[in-house]
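**Student:** Just so we're aligned, residue 1 is where the sequence shown starts under my numbering, counting upward by one.
Think of the CB as a built atom: it goes at the ideal place given N, C-alpha and C, for glycine as much as any other residue.
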Amino acid sequence: MDTSIIIPEGFPYAGNNLEEIISPDSVQQRVGEIGREISGMYQGKVPIIIGVLNGAFLFMADLVRHLDIQFEVDFIKIDSYGDGTKSSGTVRLLKDISADITDRDVIVVEDIVDTGLSLKFLKHRMEEASPKSLRFATFLYKPDVASTELEIDWTGFSIEDRFVVGYGLDLKQIYRGLPGIYAVNEEGK
Ligand code: 5GP
1 MDTSIIIPEG
11 FPYAGNNLEE
21 IISPDSVQQR
31 VGEIGREISG
41 MYQGKVPIII
51 GVLNGAFLFM
61 ADLVRHLDIQ
71 FEVDFIKIDS
81 YGDGTKSSGT
91 VRLLKDISAD
101 ITDRDVIVVE
111 DIVDTGLSLK
121 FLKHRMEEAS
131 PKSLRFATFL
141 YKPDVASTEL
151 EIDWTGFSIE
161 DRFVVGYGLD
171 LKQIYRGLPG
181 IYAVNEEGK
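So this is what it looks like as structure tokens:
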């Protein structure tokens with residue numbers, strides 16, 4: 001991408017450029033593939049698809065447009081990063097789901113799995129309600145950071161341990177609308 005996007009003063013990494021690491025075309029192609037896989041696996045079923053706010057809103061919206069099955073949606077909002085660029089180590093539930101997921105097929109849609117703390121929290125929350133089945137999709141995954149015992153059913157892309165923005169992911173609430181995935185390029189430092 002055009003590296004003329006320079007992070008403004010007052011934000012983490014101020015003065016550095018954003019470097020495209022996944023193009024908008026690759027994003028859309030991969031989301032289509034995952035959507036087709038999910039459709040194949042849930043033929044004849046009506047899963048509840050639960051988006052994890054705020055970061056997963058674009059992935060969720062694009063993903064469901066690739067489904068050729070019936071489905072319901074719901075959302076949960078959690079926070080583990082606050083406004084920073086590192087996990088706080090604790091997960092706060094900011095908004096719970098409202099659907100009754102007992103005995104339902106549930107698919108949780110996440111933006112990114114970093115330490116995996118959020119995923120573990122979500123798994124615990126969902127399992128409390130005894131769904132019929134529970135699967136996880138994440139758009140991004142940082143294998144070098146996450147603990148190994150995580151069970152993720154669909155991963156868009158595995159990426160290096162860098163702070164990324166775009167496609168729903170923010171830096172202090174900005175950059176969520178960028179169509180690809182961008183990392184802070186600190187090389188010029
Ligand atoms: P985890 O609980 O797996 O450590 O972190 C998951 C959450 O942390 C994500 O849902 C996201 O909100 C945030 N996060 C983790 N890595 C990044 C990143 O590289 N960029 C952004 N913008 N958020 C991230």
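Considering just the uninterrupted stretch of the beta strand (DSSP E) at Phe121, what are its terminal residues?
**Tutor:** Note, Phe121: premise wrong, no beta strand (DSSP E); alpha helix (DSSP H) at 117-128.
**Student:** Nearest chain B C-beta to Gly168 closer than 9 Å, yes or no?
**Tutor:** Annotation note: the requested chain B is absent from the structure, which comprises a single protein chain.
**Student:** Output the distance between the C-alpha atoms of Ile97 and Ala129, rounded to the nearest integer angstrom.
**Tutor:** In a straight line, the C-alpha of Ile97 is about 11 Å away from that of Ala129.
**Student:** Just to check my reading of the structure: Leu53 and Lys77 have Cβ atoms closer than 8 Å, yes? What is that Cβ distance to the nearest angstrom?
**Tutor:** 4 Å
**Student:** Is it buried or exposed, Arg104, if we count other Cβ atoms within 10 angstroms and call 16 or more buried?
**Tutor:** buried
**Student:** If you reduce the DSSP assignment to three classes, tell me which class Ile107 lands in.
**Tutor:** strand
**Student:** Just list the beta strand (DSSP E) runs in the segment 30-82, keeping only unbroken ones of 3 residues or longer that don't cross its boundaries, in chain order.
**Tutor:** 48-53, 72-79
**Student:** Locate the beta strand (DSSP E) running through Gly168, then write down its first and last residues.
**Tutor:** Per DSSP, Gly168 lies in no beta strand (DSSP E) and is assigned neither H nor E.
**Student:** Mapping DSSP to helix, strand and coil, what is Ser23?
**Tutor:** coil
**Student:** Considering only residues of the same chain and omitting the five flanking positions on each side of Arg135, which have a CB-CB separation below 6 Å?
**Tutor:** Ile107, Asp153
**Student:** Flag this pair as yes or no: are the beta carbons of Lys142 and Ser158 separated by less than 9 Å?
**Tutor:** yes
**Student:** Arg92 bridges to which residues according to DSSP?
**Tutor:** Asp79
**Student:** Within the same chain, show all residues whose beta-carbon is closer than 6 Å to that of Leu93, passing over the 5 residues directly before and after it, in chain order.
**Tutor:** Ile78
**Student:** With a cut-off of 8 Å on the beta carbons, I'd call Gly168 and Pro179 a contact; round off their distance for me.
**Tutor:** So it is not a contact: roughly 10 Å between Cβ atoms.
**Student:** From Tyr175 to Ile181, what distance separates their C-alpha atoms?
**Tutor:** Each residue's Cα considered, the two are about 10 Å apart.
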